[in-house]
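>
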Amino acid sequence: DFVDNAGGQDVTEYRLFVSFDDNNPDNGDNSTEFEMFRAYPASEFTAQGDDGNLGVVVNLPFTDLAAFVGVDGADVISGDVFRVRAELEKTDETVFTEVNSTPAVTNAFGGIFNFNILATCPLPDDAFVGDYVLTYGEVYDAFELFGSVVTPLGEQPFSKTVTLATIPGSTTRRTFAIGPYLVPGFNFDAGTVTLNFACDNVTSTDIDSGGAACTTGSLSAAQIGIAEFDLNDDSTWTINFNDFADDGGCGVAEMPFSLVFTKQ
Numbered sequence: 002d003f004v005d006n007a008g009g010q011d012v013t014e015y016r017l018f019v020s021f022d023d024n025n026p027d028n029g030d031n032s033t034e035f036e037m038f039r040a041y042p043a044s045e046f047t048a049q050g051d052d053g054n055l056g057v058v059v060n061l062p063f064t065d066l067a068a069f070v071g072v073d074g075a076d077v078i079s080g081d082v083f084r085v086r087a088e089l090e091k092t093d094e095t096v097f098t099e100v101n102s103t104p105a106v107t108n109a110f111g112g113i114f115n116f117n118i119l120a121t122c123p124l125p126d127d128a129f130v131g132d133y134v135l136t137y138g139e140v141y142d143a144f145e146l147f148g149s150v151v152t153p154l155g156e157q158p159f160s161k162t163v164t165l166a167t168i169p170g171s172t173t174r175r176t177f178a179i180g181p182y183l184v185p186g187f188n189f190d191a192g193t194v195t196l197n198f199a200c201d202n203v204t205s206t207d208i209d210s211g212g213a214a215c216t217t218g219s220l221s222a223a224q225i226g227i228a229e230f231d232l233n234d235d236s237t238w239t240i241n242f243n244d245f246a247d248d249g250g251c252g253v254a255e256m257p258f259s260l261v262f263t264k265q
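So this is what it looks like as structure tokens:
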């Protein structure tokens with residue numbers, strides 16, 4: 002929708018440029034630079050909405066984008082990105098992009114000039130939601146902290162029910178309140194955790210104590226690698242973490258453990 006003092010009447014052409022970022026090296030690097038995907042002439046502009054501004058409806062089918070950048074559709078997987086940049090030319094032959102447009106324009110109408118399309122797999126709202134029981138999978142042994150032995154993780158009875166919920170505007174993320182920090186002997190509220198389900202991989206934000214520390218930083222656990230899950234089965238999955246990824250200045254080495262999610 003071309004919003005200006007002429008209602009888009011002085012725009013002669015709208016041009017889209019597309020590049021591809023291959024962020025999965027396992028299937029080779031198919032990344033490309035920006036090239037012009039399509040030009041939309043003024044003859045294709047129509048009035049948009051009640052204000053009468055001229056504009057153009059842009060459709061970007063996945064198959065067309067994949068063919069344009071020369072990548073097999075089967076090789077486009079979660080994490081890959083199609084980047085779209087645009088420019089428009091006016092009747093006086095001036096060309097506007099996000100670079101030479103004022104912040105007021107790019108902030109309000111940034112989607113006209115610059116947007117990304119992330120490869121992912123949308124989840125239905127009723128999947129990967131509801132009550133799940135968290136239990137330990139892999140556990141670590143006892144360790145010493147300030148001269149005292151902390152009880153081994155595996156000797157701490159642990160079973161916690163959490164409720165996974167959707168996040169407005171997202172089709173792949175789920176959030177839940179995890180409550181107390183998981184390390185035995187600590188009882189800091191770790192707030193909420195967000196999971197991102199991307200086709201066959203699930204990633205977690207850090208489990209963070211919210212600033213609790215021995216000296217500096219914040220005691221936290223961070224995911225190790227990327228966990229796999231079944232897009233068609235929301236009954237269970239496992240995520241590996243390193244406890245003390247930030248040791249809060251306690252002088253404790255990272256210790257691996259895993260959390261198993263099981264739907265009730």
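Quick note: the sequence shown uses this note's numbering, first residue 2, plus one each step. Just so you know, even glycine gets a beta-carbon here, dropped at the ideal spot from N, CA and C.
Exposed or buried, residue 88, counting other C-beta atoms within 10 Å across all chains shown (16 or more means buried)?
Buried.
> Check whether the region 37–55 and the region 2–14 are in contact - that is, three or more C-beta pairs closer than 8 Å.
Short answer: they touch.
> Nearest-angstrom Cα distance between residue 61 and residue 196?
The straight-line gap from Cα to Cα measures roughly 28 Å.
> Quick one, are the C-beta atoms of residue 221 and residue 190 less than 8 Å apart?
Not a contact, by the Cβ cut-off of 8 Å.
> Under a three-way DSSP split, which group does residue 113 fall into?
Helix at residue 113.
> In or out: residue 203 buried (at least 16 other Cβ within 10 Å) or exposed?
Residue 203 is buried by the Cβ-count criterion.
> Just grab the DSSP bridge partners of residue 89 for me.
In DSSP, residue 89 forms a bridge with 15, 97.
> Who are residue 56's beta bridge partners in DSSP?
DSSP output for residue 56 lists 47 as bridge partner(s).
> By Cβ distance, which residues of its chain are closer than 8 Å to residue 265, with the 5 residues on each side in sequence left out?
Correct list, in chain order: 131, 132, 133, 134, 162.
> Does DSSP put residue 61 in a helix, in a strand, or in coil?
Three-state DSSP puts residue 61 in coil, outside helix and strand.
> Out of 170, 209, 159, point me to the one whose CA is closest to residue 178's CA.
The option with the nearest alpha carbon to residue 178 is 209.
> How long is the line joining the alpha carbons of residue 138 and residue 25, rounded to whole angstroms?
About 28 Å.
> Where does residue 67 fall in DSSP's three states?
The answer is helix: DSSP assigns residue 67 an H, G or I state.
> Do you know offhand how far residue 114's Cα is from residue 224's?
Residue 114 and residue 224: Cα-Cα distance of roughly 35 Å.
> Less than 8 Å between the C-beta atoms of residue 167 and residue 123, yes or no?
Result no, Cβ atoms of residue 167 and residue 123 do not sit closer than 8 Å.
> Is residue 233 helix, strand or coil by DSSP?
Residue 233: coil per DSSP, three-state reduction.
> In this structure, does DSSP put residue 181 in helix, strand or coil?
Of the three classes helix, strand and coil, the one that applies to residue 181 here is strand, per DSSP.
> By the three-class DSSP mapping on this structure, what secondary structure does residue 74 have?
Here residue 74 sits in helix by DSSP.
> On the DSSP letters alone, give me the boundaries of the beta strand (DSSP E) that residue 132 sits inside.
Element bounds for residue 132: 131–137.
> Please report the straight-line C-alpha distance between residue 192 and residue 219, rounded to a whole angstrom.
Each residue's Cα considered, the two are about 13 Å apart.
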